[in-house]
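> 1103 is the number that the working numbering gives the last residue of the sequence shown; the numbers go up by one with no jumps. We treat Cβ as the ideally placed atom computed from N, Cα and C, and that holds for glycine.
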Amino acid sequence: MTRLAPRAALTAAVCAVTLLACAHPAAADGAAPSPSALTLRVIPSTSTDGRCTPASDTVAEVVPWAQRRLGLSRVHPLSEGAGVTVAVVDTGVSTRKGLFRHRVTGESAGADCIGHGTFVAGLIAGLPSAGSGFSGVAPRARIVAVRGTDASGATDAATVARGIRAAVDAGASVIHVSAALPRASAALKDALRTAARHDALVVAPAAPDTVRTSAESPAPDGYWPAASPGVVAVAPYDAEGEVADEDGTEHAQLAAPGFGVTGRGPAGRGHYVGDGASVAAAFVSGTAALVRSHEPDLTAPQVADRLRLTAYPGTPLWLDPYAAVTTVLAPRAEATAAASPPALALPQPPPAQPGPIRRARLLAVTAAVTALVLAGWLALRRGRRPAPAGRA
């Protein structure tokens, strides 16, 4: 699998010409798009010539459309993912001080020739930088870099299984897997069961980032590990809100920005643009870190339920980080009970305590009601007394 999917290829080409084409006009928050055009390098998921991805020195100063669509500026005052470890099972993660500030550990930390793992990790936990509107979803979360591919970016079930086990051993509570495999293996299924036993939430793309070749058979029951029960499967949508219509996306539970997404890469001070379901899954992984940081007592299945229940209505449901952290549903989400998972008992705020004035009023009303009841009871007793002798 070496070619970009048709929509991904088109989006990447457009974004490489101008960043404005990837900025949605209706911003939820943040700065308005700049009128100047930018040329950004496309981050690949594989390498066919053995060369490393070149550095980018082009800085995107505006807040990326994906961040505005997700409303990250609203949720960051409440949670930034502190205390949560997210494993990235991908091509490795560059230990860039300006992007992660010593928060990357693991067997593949510092080594990422292709750059896809660094791009994904930046979307999950990248720090804001001066002169740029970019920020990761959970900029205070820790990253564990785990190898999930070979040197060219190719992968298989055995490699992903080893990566998931390494993530569990490293203590990750959220495990992001960028691979979408047409079939599982016994080792992969066992690794997923191990993650579940250790209360680690696995997030994965519902479809591959690249097109199936003619020699590859389709995956009618979904791609792995996303097809496994308990794994959160994610599909991508573009700046216009259109969800990718590709094999596997029909099995997705959530959708998130996944085309024309701006992020940081393995080298240079600038930004790259990325596409695909693995990119969308990074936003879900970051949001899971926000929830686990804000609600540390929730189990992995409860976090998955929270992500689905608080999402915007759609097919699949649209990720909403603010609602996932606060459990405050947006108005559009409240009208789609039929499209949402079974009801989840979410924590409610404690009832407000009455102030002194309100308390006095309540006491006065209570006293008045008591007096009326007592007066009625006395009147009733007088009405039932026998009449004195000699009176009719």
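1) State the start and end residues of the unbroken alpha helix (DSSP H) segment that holds aspartate 1016.
2) By the 10 Å Cβ neighbour count, where 16 or more other Cβ atoms means buried, how is histidine 982 classified, buried or exposed?
3) What did DSSP end up calling threonine 1037 once you bin it into helix, strand or coil?
4) If you draw a straight line from the C-alpha of arginine 752 to the C-alpha of alanine 988, how long is it?
5) What are the start and end residues of each continuous alpha helix (DSSP H) run of 4 or more residues lying completely inside the stretch 857-905, in chain order?
6) What residue from Ala938, His813 and Val800 has the CA that sits closest to valine 871's CA?
7) So which of Pro1012, Ala881, Gly809 and Cys824 has the shortest CA-CA distance to glycine 833?
8) Tryptophan 935 and leucine 965: beta carbons closer than 8 Å?
9) Report the rounded CA-to-CA distance for alanine 978 versus arginine 807, giving the unit in angstroms.
10) What span of residues does the alpha helix (DSSP H) with alanine 950 cover, start to end?
11) With H, G and I counted as helix, E and B as strand and the rest as coil, what does DSSP make of histidine 909?
12) Can you have a look at alanine 946 and say buried or exposed, based on whether 16 or more other CB atoms are within 10 angstroms of its CB?
13) Output the boundary residues of the alpha helix (DSSP H) element that contains arginine 785.
14) Run the CB neighbour count on proline 775, radius 10 Å, all protein chains shown included, and call it buried at 16 or more, exposed below.
15) Report yes if the C-beta distance between leucine 1155 and alanine 993 is below 8 Å; otherwise report no.
16) Going by the CB atoms, is the gap between glycine 803 and alanine 856 shorter than 8 Å?
17) Based on the DSSP secondary-structure assignment, which residues constitute the bridge partners of isoleucine 854?
18) Using only CA atoms, which one of Ala820, Ala771 and Phe811 lies nearest to glycine 842?
19) Taking one C-beta from the stretch 820-829 and one from the stretch 1022-1035 each time, how about it: are there three or more such pairs within less than 8 Å?
20) Are the beta-carbon atoms belonging to alanine 881 and alanine 915 less than 8 Å from one another?
21) How is glycine 959 classed by DSSP in three states: helix, strand or coil?
22) Whole angstroms are fine: how far does the CA of glycine 941 sit from the CA of arginine 904?
23) Can you find the residues in the same chain that come closer than 8 Å, C-beta to C-beta, to alanine 836, ignoring five residues on each side of it along the sequence?
On the basis of the supplied data:
1) 1011-1020
2) buried
3) The answer is helix: DSSP assigns threonine 1037 an H, G or I state.
4) 19 Å
5) 868-880
6) Val800
7) Gly809
8) no
9) 8 Å
10) No alpha helix (DSSP H) contains alanine 950, which DSSP labels as neither H nor E.
11) coil
12) buried
13) 783-786
14) buried
15) Residue 1155 lies beyond the stretch modelled for the chain, which goes from 712 to 1103, so this question has no answer here.
16) Contact: yes.
17) DSSP output for isoleucine 854 lists Val797 and Val815 as bridge partner(s).
18) Ala771
19) no
20) No, these two residues do not count as a Cβ contact at 8 Å.
21) coil
22) Rounded to the nearest angstrom, the two C-alpha atoms are 9 Å apart.
23) Gly792, Val797, Phe811, Arg814, Gly847, Val848, Ala849, Pro850, Arg851, Ala852, Arg853, Ile854, Gly997 and Ala1000
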